[in-house]
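Participant:
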Amino acid sequence: MLFTDPVYLFLFFPIVVIGVGLLRRYLGVEAVLTFLFVASCIFYVGWGVDYLLMMLTSIVVNWVLSQILLALPDSRRGSRKWIFWLGIAFNISALVWFKYSFFIFNFSTGAAALSAGTVAIPVGISFYTFQQAVFLQDAYNRDTHVVGYLGNANGAAGISRGFVRYAAFIAFFPQLVIGPIVYLKEFAPQVRDATFGRIRRDNLEIGLFLLVVGLFKKVVIADNLARIVDPGFQSASAGADLNVIEAWTSAFGYYGQLYFDFSGYSDMALGAARILGITLPINFASPLKANSIADFYKRWHITLTRVIARFMYTPISIWGARFASTRISWRPLRRFPLIWLPLLVNFEVIALWHGAASTFLLFGIIHGLWYIAETETRQTSAWRRWKSRTSERTRNVLGRILFTVPMVLCFALFRSDGLSTMGTLMQSMFLLQENPLAGIGMQAILDAGLVFGAMAICWFLPNVYELTRNFKPGIFTWTYADGNTGLARLRWSPNLLWGVVTAGAAMATLYYIGRLPPFLYLGF
Amino acid sequence: MNDVPDTPATEQHVDTGLSVLRSMFVAPLIAVFGFFWIATVAAIAVDPLDLYEWGTPPKLLPDYSVHKGRSMFSAAARTDVDILLIGSSTVAAITSGQLEEEFGVDKAFNFSITGPRPADRRMILAQVAEHSPAERVIVSFDWSFALPADYAHPAVPTFMFDDNIFNDLRLASPMVIGLTWQKMLGRPVGLSGWDYASTMPGDRRRYRRFQERMAREAHRPLPEIEYPAPGATDVSCSDYPLVSEILPELVDGLTSRGKAVDFIIPPYSLRLYRTWRSRTDEAALKVRPFLARQLAIRRCLVEALGSHDKVRIFAFDNETWITGDLANYRDEAHLHEPEVYSFMVSSMAEGRNRLTADNFDEYAATLIANVAGSTQNPAHDEDSER
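So the sequences go chain by chain: A and B. At position 308 of the first sequence the residue is numbered 308 (the numbering used here), and the sequence of numbers has no breaks. Count along the second sequence from 1, then add 1000; that gives the number in the numbering used here.
1) Using beta carbons (cut-off 7 Å, strictly below), is alanine 116 (chain A) in contact with chain B?
2) Return the Cβ separation of valine 1142 (chain B) and proline 1289 (chain B) in integer angstroms, given the expectation that the two are a contact with Cβ distance under 8 Å.
3) Helix or strand or just coil, what does DSSP make of serine 237 (chain A)?
4) To the nearest angstrom, how far is it from the Cα of alanine 456 (chain A) to the Cα of serine 286 (chain A)?
5) Around the Cβ of glutamine 257 (chain A), are there at least 16 other Cβ atoms within 10 angstroms (buried) or fewer (exposed)?
6) Using a Cβ cut-off of 9 Å, pull out every chain B residue sitting near leucine 258 (chain A), in sequence order please.
7) Can you tell me the Cβ-Cβ gap for threonine 377 (chain A) and tryptophan 383 (chain A), rounded? I've got them flagged as a contact below 8 Å.
8) Give me the Cβ distance between proline 517 (chain A) and glutamate 205 (chain A), rounded to the nearest whole Å; I'm assuming they're in contact under 8 Å.
9) Quick check on leucine 510 (chain A) - is its C-beta less than 7 Å from some C-beta in chain B?
10) Quick one: grab the DSSP three-state call for glycine 1087 (chain B).
11) Using only alpha-carbon positions, find the residue among A:Trp353, A:Leu338 and A:Met407 that is nearest to valine 307 (chain A).
12) In whole angstroms, give me the CA-to-CA distance for alanine 1349 (chain B) and leucine 431 (chain A).
13) Just to confirm, is the Cβ distance from isoleucine 1124 (chain B) to alanine 1108 (chain B) under 7 Å?
14) Round the Cβ separation of serine 237 (chain A) and threonine 421 (chain A) to the nearest angstrom and send it over; I've been treating them as touching at under 8 Å.
15) For asparagine 989 (chain B), count neighbouring C-beta atoms within 10 Å of its own C-beta (all shown protein chains included) and say buried if the count is 16 or more, exposed if not.
16) Kindly give me the distance between the Cβ atoms of glutamate 1102 (chain B) and valine 1345 (chain B), rounded to whole angstroms, as I take these residues to be in contact under 8 Å.
17) Closer than 8 Å by beta-carbon distance: list the chain B residues that pair up with tryptophan 498 (chain A), in chain order.
18) Within the same chain, show all residues whose beta-carbon is closer than 8 Å to that of serine 317 (chain A), passing over the 5 residues directly before and after it, in chain order.
19) Please report whether the beta-carbon of arginine 201 (chain A) lies at a distance below 7 Å from any beta-carbon of chain B.
20) CB-CB under 6 Å to arginine 1206 (chain B), same chain, minus the five flanking residues each way: which ones, in chain order?
21) By a C-beta neighbour count over all protein chains shown, 10 Å radius and 16 as the cutoff for buried, is lysine 1059 (chain B) buried or exposed?
22) Who pairs with isoleucine 178 (chain A) in a beta bridge, going by DSSP?
23) Are the CB atoms of phenylalanine 476 (chain A) and isoleucine 228 (chain A) within a distance shorter than 7 Å?
24) Please go through the segment 290-365 of chain A and give each complete alpha helix (DSSP H) segment of 4 or more residues, from N-terminal end onward.
25) Grab me the residues of glycine 87 (chain A)'s own chain with a C-beta within less than 7 Å of its C-beta, minus the 5 sequence neighbours each way, in chain order.
26) Could you give the DSSP three-state label for proline 281 (chain A): helix, strand or coil?
27) Contact check, glycine 277 (chain A) vs phenylalanine 363 (chain A) under 8 Å by CB: the rounded distance?
28) Locate the alpha helix (DSSP H) running through arginine 165 (chain A), then write down its first and last residues.
29) Leaving out five residues on either side along the sequence, give the residues of the same chain with a beta carbon under 7 Å from the beta carbon of valine 1046 (chain B).
30) Buried or exposed for aspartate 1168 (chain B), please, with buried defined as at least 16 other CB atoms from any protein chain shown within 10 angstroms of its CB.
31) I'd like to know whether the C-beta of phenylalanine 284 (chain A) is nearer than 7 Å to at least one C-beta of chain B.
32) Anyone know if the C-beta pair for lysine 217 (chain A) and phenylalanine 260 (chain A) falls short of 7 Å?
33) What would DSSP say about methionine 1 (chain A), mapped onto helix, strand or coil?
34) Looking at chain B, is there any beta carbon in it that lies within less than 7 Å of the beta carbon of glutamate 348 (chain A)?
35) Could you check whether the Cβ of glutamate 205 (chain A) sits closer than 7 Å to any Cβ belonging to chain B?
36) Write down every uninterrupted run of the beta strand (DSSP E) in the segment 185-245 of chain A whose length is 3 residues or greater and which is fully enclosed by it, in chain order.
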């Protein structure tokens, strides 16, 4: 079920909210968790019974392994380590199988189509797999939240209670399909809170606001941008020249579309969870306002970045530090295992997580090298001198200007169905075709206006979490500088005026609600 | 990483239960969502699209609409016409007027939607078999019949035709709500038609760009492909259950109600057969190798229905003045020339260009030879403005 589906909005979610409220009042927390687990299965089964069974299998396997990890005494370190890596291997192999089997089989038969979108990937598999991998590590480390949340596993009642709690956490429908990827230490304390499951006015207000903003971003902005973007990329894919305006509009349009689509989903996830009494971690913090690639990845798909950093970057970096200190005597070269290698691996894994495509491969390489170049530049004395001579505002503005166009190009590559498509698009963008101005008409100018209107929203307005900052809308993973000038000072408040504005956004959303296009990240 | 945040608002609002609805912020939202809820339930109760037993068919105004196609499924199947064309974008430009004039009937209707897939075809044909008063049904037999039978277009409203009434909440749209209102007021309900001419500027642009591109690539050799043997005997129609099993059942449903059925194979440019493999979308990959699979499903169609006395199959692929001249196309698959459509419709009306079991091998051999021979792009008039 999609968050934008009227069946979800007008039937499923209201029933869940009422059900949770009643169960919490009359039967307690365990009943609420059981109900949420069942509701999550109903939410998910729309994509196929086989996918649901697959998810349940994954949940059972990980839960069993986590129970063994918790049950084994520390003295059996080897066994515990073996069990842990078995679980990680299970999770990773499931991911690799579904994301790469099509590619591997086709490649082995010589008919390689290095293209994503050709694999039937179970919806949400990446997100619930990552979440469970993190959980397994927490169980391995005997994290207090894991031990406390699962409770005593003695007896059938204890085991079933522990399982339902775990399953409710993993399958919690607001975050099940496209994240955010939640750590148990963020979820468990809220379940133990006395207010969990009670339908409270403050939660309802902030939750509804997040929900409507997310809907508006997806249904009104992203889906209308798609109507501009898709023909542009399809033309480029067919080898047809675009005029220069269409080419730039398509590239910028996709950059905006992906942001509004994905972050809209995250906003809706946070809104739905909040109404049910759970605050989820923030996944997007105005990434299009970033002034560097390092800044961008602190703001874009934050919960995935932190998982990759935890499992990939940090271990490789630690290994690299040890290797460099013992094996490499020439100082500048030490940065290779310490910084460069972890970054390259990190970005390549993130890129190839999206699928087996040459465009993703290149996207990851570019981002890795870009990040390295930026990191190294910031180490130079010239940079430090320049930094001391310039204001933060100047650096921000310059950084944003320098950062945006290369990032737009990177995401155009990400969207392209092949390198030749990107080549065609770039030819049109950089006037390398015969008639770059041919066919520029009112429609092209109008489309460009709409795309840059959408970009202006990203650049000049506060994001929904800045707007609602006084109400702690989500868990902040990083600290961001608040916008405090102009429109960025705007703050939300649960009053009639904001109610009317939000209702207007809801009406605009409902106007388009019947289109039901899928979310871009559903395929990942 | 933060632990659970404490919410400052906790201290300000402690309302729980139904009292939460007293919020001045929530009230306008409840009004909007409530209106939508009521309007949707009303749409189901009033049933302006005639989806349920209690509905009545809306009137379908002339010509077709690809934009409103999903809401028109039901109405298209019920509309009172003599000829109903169930097509895709490749025959979308055939006008009602052309059909009426050439077939000599009072009323014809072209219901073509963009990118239909097998499951969508089955749904609409089942609806047509059950409800349509049309005497003749024309079905465009395009490449997508080579896809798996359960393949559906995501934008096609399968939920309208299943037994689950809850998912019909998706029906809600300003148009359906408007129709509901019209019907509640006792006014006749007519789904607004759409004149194909309104998309002509866009098609002209596409045409011009395609021609410019072809001019640039005129001397570039076309990619080589593997050619199937003309009299391929290794084609197993059981690999194409949609064509060999499901389609005959649907056709029986139509012919048993006295309808004649024509299949029209849209004439793609010869070039398309050579360049198809550059397409990497999921559907395109599933029908590779394109030429072999297209010939296979056409052979299976002829085998399954070619001898049916109320069924005719038409193909124009070997009219090389059409398929060999890219000046007729706005892209490699879609014709642009109205004259070509007129020729196709008149051929059908007069029974020319039929594909039968007797001439299929010759047809296949000629098509393969033509595709193999199309080693360079045909010349065309760069200045042509259509």
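Using N, Cα and C, we set each Cβ at its ideal position, and we do this for glycine too.
Facilitator: Checking against the coordinates, here is how it stands:
1) Position 116 of the first sequence, counted from the first residue, corresponds to residue 116 (chain A). Residue confidence for alanine 116 (chain A) is low, a pLDDT of 38 falling below 50, so the modelled location carries little weight and cannot support an answer.
2) Position 142 of the second sequence, counting from 1, holds the residue named residue 1142 (chain B). Position 289 of the second sequence, counting from 1, holds the residue named residue 1289 (chain B). A small fix is needed here, since residue 1142 (chain B) is aspartate in this sequence, not valine. About 17 Å separates the two Cβ atoms, so there is no contact after all.
3) Indexing the first sequence from 1 puts residue 237 (chain A) at position 237. Three-state result, serine 237 (chain A): helix.
4) The sequence position of residue 456 (chain A) within the first sequence is 456, counting from 1. The sequence position of residue 286 (chain A) within the first sequence is 286, counting from 1. The straight-line gap from Cα to Cα measures roughly 12 Å.
5) The sequence position of residue 257 (chain A) within the first sequence is 257, counting from 1. Buried: at least 16 other Cβ atoms inside 10 Å.
6) Locating residue 258 (chain A) in the first sequence gives position 258, where the first residue counts as 1. Correct list: empty, because the minimum Cβ distance to chain B is about 19 Å.
7) Counted from its first residue, the first sequence places residue 377 (chain A) at position 377. Counted from its first residue, the first sequence places residue 383 (chain A) at position 383. About 6 Å; that satisfies the 8 Å criterion.
8) As a first step, residue 517 (chain A) must be located in the first sequence, where it is residue number 517. As a first step, residue 205 (chain A) must be located in the first sequence, where it is residue number 205. About 29 Å; that fails the 8 Å criterion.
9) Against the first sequence, residue 510 (chain A) aligns to sequence position 510. With 7 Å as the cut-off, leucine 510 (chain A) counts as an interface residue toward chain B.
10) In the second sequence, residue 1087 (chain B) corresponds to position 87, counting from 1. Reduced to three states, the DSSP call for glycine 1087 (chain B) is strand.
11) Locating residue 307 (chain A) in the first sequence gives position 307, counting from the first residue. Residue A:Trp353 is the option with its Cα nearest to valine 307 (chain A).
12) Here residue 1349 (chain B) is taken as the residue at index 349 of the second sequence, counted from 1. Here residue 431 (chain A) is taken as the residue at index 431 of the first sequence, counted from 1. So the two alpha carbons sit approximately 50 Å from each other.
13) Counted from its first residue, the second sequence places residue 1124 (chain B) at position 124. Counted from its first residue, the second sequence places residue 1108 (chain B) at position 108. Not closer than 7 Å, so no.
14) Reading the first sequence from its first residue, position 237 is the one you call residue 237 (chain A). Reading the first sequence from its first residue, position 421 is the one you call residue 421 (chain A). 5 Å between Cβ atoms; contact.
15) Outside the shown range of chain B (1001 to 1386) lies residue 989 (chain B), about which nothing can therefore be said.
16) Indexing the second sequence from 1 puts residue 1102 (chain B) at position 102. Indexing the second sequence from 1 puts residue 1345 (chain B) at position 345. That pair is a contact at about 5 Å.
17) On the first sequence, position 498 is the one that residue 498 (chain A) refers to. Chain B residues near tryptophan 498 (chain A): Phe1025.
18) Numbered from 1 along the first sequence, position 317 holds the residue referred to as residue 317 (chain A). Correct list, in chain order: Leu338, Ile339 and Pro342.
19) For the purposes of this step, residue 201 (chain A) is taken as the residue at position 201 of the first sequence. Chain B contact via Cβ: present.
20) One-based indexing of the second sequence puts residue 1206 (chain B) at position 206. So the qualifying residues of the chain are Arg1330.
21) The residue given as residue 1059 (chain B) occupies position 59 in the second sequence. Lysine 1059 (chain B) is exposed by the Cβ-count criterion.
22) Sequence index remark: in the first sequence, residue 178 (chain A) carries index 178 (1-based). Per DSSP, none; premise fails for isoleucine 178 (chain A).
23) If you number the first sequence from 1, residue 228 (chain A) lands on position 228. If you number the first sequence from 1, residue 476 (chain A) lands on position 476. No, Cβ-Cβ distance for isoleucine 228 (chain A) and phenylalanine 476 (chain A) is not below 7 Å.
24) 293-299, 302-308, 314-327, 331-335 and 341-353
25) Sequence index remark: in the first sequence, residue 87 (chain A) carries index 87 (1-based). So the qualifying residues of the chain are Asn62, Leu65 and Leu136.
26) The sequence position of residue 281 (chain A) within the first sequence is 281, counting from 1. The answer is strand: DSSP assigns proline 281 (chain A) an E or B state.
27) If you number the first sequence from 1, residue 277 (chain A) lands on position 277. If you number the first sequence from 1, residue 363 (chain A) lands on position 363. Incorrect: roughly 38 Å between the Cβ atoms, too far for contact.
28) For the purposes of this step, residue 165 (chain A) is identified with residue 165 of the first sequence, where counting begins at 1. 155-171 is the extent of the alpha helix (DSSP H) around arginine 165 (chain A).
29) Looking up residue 1046 (chain B) in the second sequence gives position 46. Answer for valine 1046 (chain B): Thr1180, Lys1183 and Met1184, listed in chain order.
30) Translated into positions along the second sequence, residue 1168 (chain B) becomes position 168. Counting Cβ neighbours within 10 Å, aspartate 1168 (chain B) comes out buried, since at least 16 surround it.
31) The residue given as residue 284 (chain A) occupies position 284 in the first sequence. Answer no: the Cβ-Cβ gap between phenylalanine 284 (chain A) and chain B never drops below 7 Å.
32) Within the first sequence, numbered from 1, the residue matching residue 217 (chain A) stands at position 217. Within the first sequence, numbered from 1, the residue matching residue 260 (chain A) stands at position 260. Yes, the Cβ-Cβ distance between lysine 217 (chain A) and phenylalanine 260 (chain A) is below 7 Å.
33) As a working mapping, residue 1 (chain A) is identified with position 1 in the first sequence. DSSP places methionine 1 (chain A) in coil when its eight states are reduced to three.
34) Taking the first residue of the first sequence as 1, we reach residue 348 (chain A) at position 348. No - not a single Cβ of chain B is within 7 Å of the one on glutamate 348 (chain A).
35) As a position in the first sequence, residue 205 (chain A) is number 205, starting the count at 1. It does: the Cβ of glutamate 205 (chain A) has a partner Cβ on chain B nearer than 7 Å.
36) none
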